[in-house]
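Numbering of the sequence shown is given in the UniProt record's numbering, commencing with residue 1 and proceeding in unit increments. Just so you know, even glycine gets a beta-carbon here, dropped at the ideal spot from N, CA and C. Read the structure below first, then the notes.
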Amino acid sequence: MKRILILATMAIAVLTVSCNGQSRKTSTEASKKSKKVLVISSSPSKGGNSDLLCDEFLKGAQAAGHKGEKVFLGDLDIRFLKIKDDYSDRNLGINDDAPKVVAKMIEADVIVMATPIYNDNMCGQMKTMLDRVFEREREVSNKEFYFIMTAGGRNTECALLGFRNFIHYLPGSQEKGVIEGTGIYPKGAVKDKPVMKEAYEMGKNV
């Protein structure tokens, strides 16, 4: 009888350790899955097609338990890059909101960059923001990138190439997904398109 009690006690102890270990493992795995998602919307129009896709991506990411934030560049003061010829100063006395956006990019795990297509390329707001990363590009490292583009036509190649060239200079960057809403016009027309669900699902699976 005494032997049975000893064996039972040992079994309970092993089970407790096992359960606690599994609990810790599960907790650790859950924390690893949670990411900081930063969505940068460069549409000059709130509620524009690319901006709406940003919202859907963010909803999907948040539904999956990630922390998400959208930055709408149109609300901010983002000025052109100024540098000295010898590159000794990459932010020549500019006092605007760009450094705040760059700081958010450095903190994020996932960065989504969205633009409408004008003249077959990304909009000026986005290009200016990308230029302003130049001063701290080595710090924007080991990020996962997603690109969102919308166009009334079909040509997104130049904008996509611009995004890819940009992240090429960021250490450890990875392109994880591209969303192209083409042939969509006017404002808000994307609401009835399958690409809205695509954006949500891609956000959910970051």
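Can you tell which of the options has its C-alpha closest to the C-alpha of residue i?
i, options, result
"Gly181", "Glu198, Ile167, Leu170 and Gln174", "Glu198"
"Gly172", "Ile179, Gly183 and Arg164", "Arg164"
"Leu81", "Arg154, Val133 and Pro186", "Val133"
"Lys127", "Glu139, Arg138 and Leu73", "Leu73"
"Met105", "Leu76, Val140, Asp131 and Ile94", "Val140"
"Lys191", "Gly47, Lys35 and Lys36", "Gly47"
"Ile83", "Val206, Glu135 and Asn155", "Glu135"
"Asn121", "Val71, Arg79, Lys70 and Asn155", "Asn155"
"Leu170", "Pro186, Leu130, Val71 and Lys100", "Leu130"
"Gly177", "Tyr146, Phe166 and His66", "Tyr146"
Decide if residue i is buried, meaning its Cβ has at least 16 other Cβ atoms within 10 Å, or exposed.
i, result
"Lys143", "buried"
"Glu157", "exposed"
"Pro194", "exposed"
"Leu160", "buried"
"His168", "exposed"
"Gly203", "buried"
"Gly60", "buried"
"Ala108", "buried"
"Ala98", "buried"
Tell me residue i's beta-bridge partners as DSSP assigns them.
i, result
"Glu144", "Val110 and Gln174"
"Val71", "Ile40"
"Tyr118", "Asn121"
"Glu201", "Answer is none; Glu201 lacks a bridge partner."
"Lys179", "Note that residue 179 is Ile in the sequence shown, not Lys. BP columns for Ile179 point to Ile148."
Run the proximity test for residue i: is its beta-carbon closer than 7 Å to any non-hydrogen atom belonging to the ligand HEM?
i, result
"Lys46", "Inclusion of the ligand HEM in the displayed structure is not the case, the ligand content being empty and no account of it being possible."
Is it the case that the segment 136 to 152 contacts the segment 44 to 51, given that we only count it when at least three CB pairs across the two stretches are under 8 Å? yes
Spell out a yes or no on whether the segment 109 to 118 and the segment 32 to 43 are touching, meaning 3 or more CB-CB pairs, one atom from each, closer than 8 Å. yes
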